[in-house]
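J.:
In the numbering used here, the protein residues as written are 1157 to 1690.
#1: Put residue 1370 into one of helix, strand or coil per three-state DSSP.
#2: Apply the 10 Å Cβ neighbour rule to residue 1389 and answer buried if 16 or more other Cβ atoms are within range, or exposed otherwise.
#3: Compute the Euclidean distance between the alpha carbons of residue 1438 and residue 1230, then round it to the nearest angstrom.
#4: Looking at the unbroken beta strand (DSSP E) that takes in residue 1449, where does it start and where does it end?
#5: Which runs of the beta strand (DSSP E) spanning at least 3 residues fall entirely within the region 1503-1571, listed in chain order?
#6: Could you name each continuous alpha helix (DSSP H) segment of 4 residues or more that falls completely within the region 1590-1654, going from the start of the chain to the end?
#7: Under 7 Å between the Cβ atoms of residue 1298 and residue 1267?
#8: What three-state label does DSSP hand residue 1234 in the structure shown?
#9: Per DSSP, residue 1310 is paired with what?
#10: Just grab the DSSP bridge partners of residue 1433 for me.
#11: Restricting to runs no shorter than 4 residues, where is the alpha helix (DSSP H) found entirely within the region 1348-1432?
#12: I believe residue 1509 touches residue 1339 by the beta-carbon criterion, under 8 Å. Please report the beta-carbon distance rounded to the nearest angstrom.
#13: Anyone know if the C-beta pair for residue 1730 and residue 1615 falls short of 7 Å?
#14: Would the beta-carbon of residue 1655 fall within 7 Å of that of residue 1468?
#15: For residue 1658, write down the residues that DSSP places opposite it in a beta bridge.
#16: Between residue 1485 and residue 1661, how many whole angstroms is the CB-CB distance? I'm expecting something under 8 Å.
#17: Got a sec? Which residues, its chain only, sit under 7 Å from residue 1214 by beta carbon, not counting five neighbours each side?
#18: I'd like the list of long-range same chain contacts for residue 1241, defined as Cβ closer than 8 Å, with 5 residues on each side in sequence excluded.
#19: If I measure Cβ to Cβ from residue 1315 and keep anything under 8 Å in the same chain, skipping five residues before and after, which residues do I get?
#20: Find the nearest neighbour of residue 1283 within the set 1382, 1321, 1337, judged by alpha-carbon distance.
#21: So what's residue 1252 in DSSP terms, helix, strand or just coil?
#22: Measure how close the beta-carbons of residue 1309 and residue 1322 come, nearest whole angstrom, since I'm counting them as under 8 Å.
#23: For residue 1598, count neighbouring C-beta atoms within 10 Å of its own C-beta (all shown protein chains included) and say buried if the count is 16 or more, exposed if not.
#24: With burial defined as no fewer than 16 other Cβ atoms inside 10 Å of the residue's Cβ, what is the status of residue 1212: buried or exposed?
#25: Given this structure, state the Cα-to-Cα distance separating residue 1644 from residue 1325, to the nearest angstrom.
#26: Within the continuous alpha helix (DSSP H) that includes residue 1195, where are the two ends?
#27: In terms of residues, what are the limits of the beta strand (DSSP E) holding residue 1226?
#28: Measuring alpha carbon to alpha carbon, tell me which of 1261, 1257, 1295 ends up nearest residue 1275.
#29: Which value, in whole angstroms, describes the spacing of the CA atoms of residue 1549 and residue 1444?
#30: DSSP three-state call for residue 1586: helix, strand or coil?
#31: Given this structure, state the Cα-to-Cα distance separating residue 1330 from residue 1476, to the nearest angstrom.
#32: May I ask you to list the residues that DSSP assigns as paired with residue 1687?
#33: Leaving out five residues on either side along the sequence, give the residues of the same chain with a beta carbon under 7 Å from the beta carbon of residue 1343.
#34: Would DSSP call residue 1666 helix, strand or coil?
#35: Measure the CB-CB distance between residue 1593 and residue 1335 and report whether it falls below 7 Å.
#36: Could you tell me the alpha carbon to alpha carbon distance between residue 1370 and residue 1358, rounded to whole angstroms?
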């Protein structure tokens, strides 16, 4: 994805602050149900094949629908596909599509799914998520420009029959197909408008809602899609999505009844919120890990495993989770959360069993071995998003690193700018979280494959690691597959390919009059299941 235009985003942030300061709840048309929904940050795009931010997926998941979709508990269920069959070898999946229409009344066809897959794999699209579609036969070659897009394993037999041929068996495919990268694209609209098809007035969707307006720095509005196949079962008629990066300001908007939902809250205010807004604060163990990425491509010091290990092991994860964040997060010494389906617990950083004092002493020794002393300290910069939780976390990391003699500075950026910098490798150390796209260890471990591209922020590369993941892809026995993935993770952790900090919890403020909200580990909450009591 292209880096955002910085002056525009700065103006957006000012407009957003002004908007939040004097906002009131908009009136809802008589006889309708409306939902005021706070999301983390301003989306950069609502294009399913280009999006990668959590806030983008929240909106896109209400506008669009894939072959499978989420239950309220975020389990896969039939979406645009009403049924499917799998070949005995697990490589060929045949989907039978239901009768469905785009929001402009045109039928949703198998060709729209083929077009969507070709689009995300097209090198011109430059999708950060193209690697997910490498599971489609020939997908990697097409994305690298070595094969025509028409050669990938996606074929429309007729308007209602889609056949996907995979590179390897993937029993988790129904989970994966819930992801926006596998959504269809309205070919008749994209070819007419090009990249402008995602603008309000041009956007055509196949999900429960359709886009009506997008006022940058204010709100995105969607209304019920009358052509959705279960429109009569949808309770909420209109949704306003408000970018709310300031968690405390969002909390106040909840208190003033300007918002019904906000998808986050400041972590260390959890106990306070349980008193001041009883019944609002929702938490749940998440399929998510917060971690640090080390730019091993461009920063000479970070190419040294001794430096990476010193930086990782000197972070006091117990203090961060128990004293700083205090909302149920757990210290992380592996990258894959232990609750992940198909995971064989066991991989850990090589220093996980040591006391914090022992780790600090070892970190100082490792830095000295690498040539960094009090007279010649390691100088490093952490680039972070400027939301409150991230700043608190990185200030704690900064203090821990200063304690072992590192000269460390913080650079704060608005969220979209920070992640654009991570993608462009314009950082030394980056602070980020990864929430699973689907419930399988591969959703985490694939980030570190050498072929992943922009989301492998630290550019970890090891042929042995890639080989273990490739071997796991071909392994039909689930126990042996889990063991291979475990070996791969242990290899990566041993090389300090990333610095896991803690396992996340989902956090949301939900007005008790909102019904249908189900806390779940994937943190998907589609508006089609929600309603608002009078």
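All C-beta atoms in this analysis are idealised placements derived from N, C-alpha and C, irrespective of residue type, glycine included.
T.: With the structure as the only source:
#1: Position 214 of the chain shown, counting from 1, holds the residue named residue 1370. Residue 1370 falls in the strand class under three-state DSSP.
#2: What you label residue 1389 is simply residue 233 of the chain shown in a count that begins at 1. In this structure residue 1389 is exposed. Its beta-carbon is surrounded by fewer than 16 other beta-carbon atoms within 10 angstroms.
#3: Here residue 1438 refers to the residue found at position 282 when the chain shown is read from its first residue. Here residue 1230 refers to the residue found at position 74 when the chain shown is read from its first residue. If you take the alpha carbons of residue 1438 and residue 1230, they lie about 16 Å apart.
#4: The count along the chain shown starts at 1 and reaches residue 1449 at position 293. Here the beta strand (DSSP E) through residue 1449 covers 1437-1450.
#5: Listed in chain order, they are 1535-1541, 1563-1569.
#6: Taking only runs of at least 4 residues, the alpha helix (DSSP H) segments lying wholly in the region 1590-1654 are 1598-1601, 1619-1629, 1634-1650.
#7: Taking the first residue of the chain shown as position 1, residue 1298 is located at position 142. Taking the first residue of the chain shown as position 1, residue 1267 is located at position 111. When the beta-carbon positions are compared, residue 1298 and residue 1267 stay at least 7 Å from each other.
#8: For this step, residue 1234 is matched to residue 78 along the chain shown. Correct three-state label for residue 1234: strand.
#9: Here residue 1310 refers to the residue found at position 154 of the chain shown. BP columns for residue 1310 point to 1320.
#10: Sequence index remark: in the chain shown, residue 1433 carries index 277 (1-based). Bridge partners of residue 1433: none, in fact.
#11: Positions of the alpha helix (DSSP H) runs, each at least 4 residues long and wholly inside the region 1348-1432, are given as 1403-1411, 1426-1432 in order along the chain.
#12: The sequence position of residue 1509 within the chain shown is 353, counting from 1. The sequence position of residue 1339 within the chain shown is 183, counting from 1. With 8 Å as the limit, residue 1509 and residue 1339 do not qualify as a contact, their Cβ atoms being about 44 Å apart.
#13: In the structure as shown, the chain starts at 1157 and stops at 1690, and residue 1730 therefore has no counterpart that could be examined.
#14: If you number the chain shown from 1, residue 1655 lands on position 499. If you number the chain shown from 1, residue 1468 lands on position 312. Yes. Within cutoff.
#15: If you number the chain shown from 1, residue 1658 lands on position 502. According to the DSSP secondary-structure assignment, residue 1658 is paired through a beta bridge with 1446, 1487.
#16: On the chain shown, residue 1485 is found 329 positions in, with the first residue counted as 1. On the chain shown, residue 1661 is found 505 positions in, with the first residue counted as 1. That belief holds up - the Cβ atoms of residue 1485 and residue 1661 are roughly 6 Å apart, short of 8 Å.
#17: Position 58 of the chain shown, counted from the first residue, corresponds to residue 1214. 1195, 1419.
#18: Sequence index remark: in the chain shown, residue 1241 carries index 85 (1-based). Excluding residues within five positions, the ones whose Cβ falls inside 8 Å are 1249, 1250.
#19: As a first step, residue 1315 must be located in the chain shown, where it is residue number 159. If we look at residue 1315 and ignore the five residues flanking it on each side, its Cβ neighbours are 1253, 1263, 1265, 1266, 1267.
#20: For the purposes of this step, residue 1283 is taken as the residue at position 127 of the chain shown. Per the Cα distances, 1337.
#21: As a first step, residue 1252 must be located in the chain shown, where it is residue number 96. For residue 1252, the three-state secondary structure derived from DSSP is strand.
#22: Taking the chain shown and counting its residues from 1, one reaches residue 1309 at position 153. Taking the chain shown and counting its residues from 1, one reaches residue 1322 at position 166. In this structure, residue 1309 and residue 1322 form a Cβ contact; the two beta carbons are roughly 7 Å apart against a cut-off of 8 Å.
#23: Position 442 of the chain shown holds residue 1598. With 16 or more other Cβ atoms within 10 Å, it is buried.
#24: To locate residue 1212, count along the chain shown from 1; it is residue 56. By the 10 Å Cβ count, residue 1212 comes out buried.
#25: Position 488 of the chain shown, counted from the start, is the residue given in the question as residue 1644. Position 169 of the chain shown, counted from the start, is the residue given in the question as residue 1325. So the two alpha carbons sit approximately 19 Å from each other.
#26: Within the chain shown, numbered from 1, the residue matching residue 1195 stands at position 39. Premise fails: residue 1195 lies in the beta strand (DSSP E), 1190-1195, not in any alpha helix (DSSP H).
#27: Numbered from 1 along the chain shown, position 70 holds the residue referred to as residue 1226. Counting along the chain, the beta strand (DSSP E) containing residue 1226 begins and ends at 1224-1226.
#28: Here residue 1275 is taken as the residue at index 119 of the chain shown, counted from 1. Ranked by Cα distance from residue 1275, the options 1261, 1257, 1295 are led by 1295.
#29: The residue labelled residue 1549 in the question sits at position 393 within the chain shown. The residue labelled residue 1444 in the question sits at position 288 within the chain shown. Each residue's alpha carbon lies about 16 Å from the other.
#30: Position 430 of the chain shown, counted from the first residue, corresponds to residue 1586. Correct three-state label for residue 1586: strand.
#31: Mapped onto the chain shown, residue 1330 falls at position 174. Mapped onto the chain shown, residue 1476 falls at position 320. Distance between the alpha carbons of residue 1330 and residue 1476 is about 36 Å.
#32: As a first step, residue 1687 must be located in the chain shown, where it is residue number 531. As DSSP reads the structure, residue 1687 sits in a beta bridge with 1671.
#33: By one-based count along the chain shown, residue 1343 stands at place 187. These residues qualify, in order along the chain: 1267, 1268, 1271.
#34: Start at 1 with the first residue of the chain shown, and residue 1666 comes out as number 510. Here residue 1666 sits in strand by DSSP.
#35: Here residue 1593 refers to the residue found at position 437 when the chain shown is read from its first residue. Here residue 1335 refers to the residue found at position 179 when the chain shown is read from its first residue. With a cutoff of 7 Å on beta-carbon distance, residue 1593 and residue 1335 are scored as near each other.
#36: As a position in the chain shown, residue 1370 is number 214, starting the count at 1. As a position in the chain shown, residue 1358 is number 202, starting the count at 1. Those two C-alpha atoms are separated by around 12 Å.
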